[in-house]
Amino acid sequence: MRDHIGDDDELIEGTGLPDAPSPGVDSLTPAASTVVRRDPRERIRSSRLGQLLVLLVTAAVVLAGWQIVRMQEQQDRASQTGGSTVVRLDGTSRVPPPALGEPATDFTYTTWDGKEVSLSGLRGKGVWITFGATWCTNCQAEMPDVEAASRDYADRDVAVLGINIQEPAEAVASYAERTGLTMPIGVDPTSEIAEAYAVGAIPAHYFIDSNGVVQDIRVGGLSRDTMNSILEEIAP
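Residue numbers (our numbering): 4 to 239.
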């Protein structure tokens, strides 16, 4: 048998016979249709609903990432002072800081409950301006003492103004309601007031006498004794 099989013929395994095509296979079997099965994920992406879902998921991921980055930036700013009682702010002021013995720059801001307060409208009173933020740990830590001082010196013609920066008004309103603040506190949405006072870190405190003159500037958390000592100096 092997003598009649050419070198190019292939043996059928286990039979020793040449591998020949079955007769009539092409004529009996219809041409097979080509079916392309698409990945279900590809079908979702190509449909309009799928495209909308992809956009929504992408937007949600971007928003979540932005919030994480923002929280991390705030935490970094709060920790970069190495245990100090201040949080340094980004950027530098384009104006020099207020000088002691010079008139304080006038401004107007809106408190969390909708009242307008202007520095010039408080002429004749001592004024303590405190810059802070609800995300600033040290600002929150001293706020109970600031609020207490505001109440104690109200009948001494001393006004305490809280101005929060780099956060929305809603955050300040929620914080004020939750903690029961009575002092006028609001936001500086464009940082215009903080810029005018060259605020480079918070908490920052500016003490102004009844004539509208800057008498003292402190940066960082204050003890209650320090607060009282300075307020005694600016009280009329």
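C-beta atoms are modelled at their ideal positions from N, C-alpha and C, and glycine is treated no differently.
Note to self: Do Val149 and Val161 have their beta-carbon atoms positioned less than 9 Å apart in this structure?
What the structure shows: no
Check: Which whole-angstrom value is the C-beta distance of Leu122 and Phe110, which I expect to be below 8 Å?
Finding: 6 Å
Next item on the list: Could you check if Glu76 is buried or exposed, using at least 16 other CB atoms within 10 Å of its CB as the buried criterion?
Entry: Caution applies to Glu76, whose pLDDT of 44 falls short of 50 and renders its modelled position unreliable; the value that the coordinates give is listed next. Glu76 comes out exposed.
Check: If you run the structure through DSSP and keep just helix, strand and coil, what is Ser121?
Finding: strand
Next item on the list: Pick out whichever of Gly183, Leu92, Leu58, Asp219 has its Cα sitting closest to the Cα of Met146.
Entry: Gly183
Check: Is Arg91 helix, strand or coil when you go by DSSP?
Finding: strand
Check: Roughly how many angstroms lie between the CA atoms of Asp116 and Glu198, to the nearest whole one?
Finding: 24 Å
Checklist line | Span separating the alpha-carbon of Arg91 from that of His208 | finding: 14 Å
Next item on the list: Specify whether the region 168 to 183 and the region 134 to 144 touch according to this definition: at least 3 beta carbon pairs, one from each stretch, less than 8 Å apart.
Entry: yes
Next item on the list: Would you kindly report the start and end of the unbroken beta strand (DSSP E) that includes Thr133?
Entry: 129 to 135
Margin query: Between the alpha carbons of Tyr112 and Glu105, how many angstroms are there, rounded?
Written below: 22 Å
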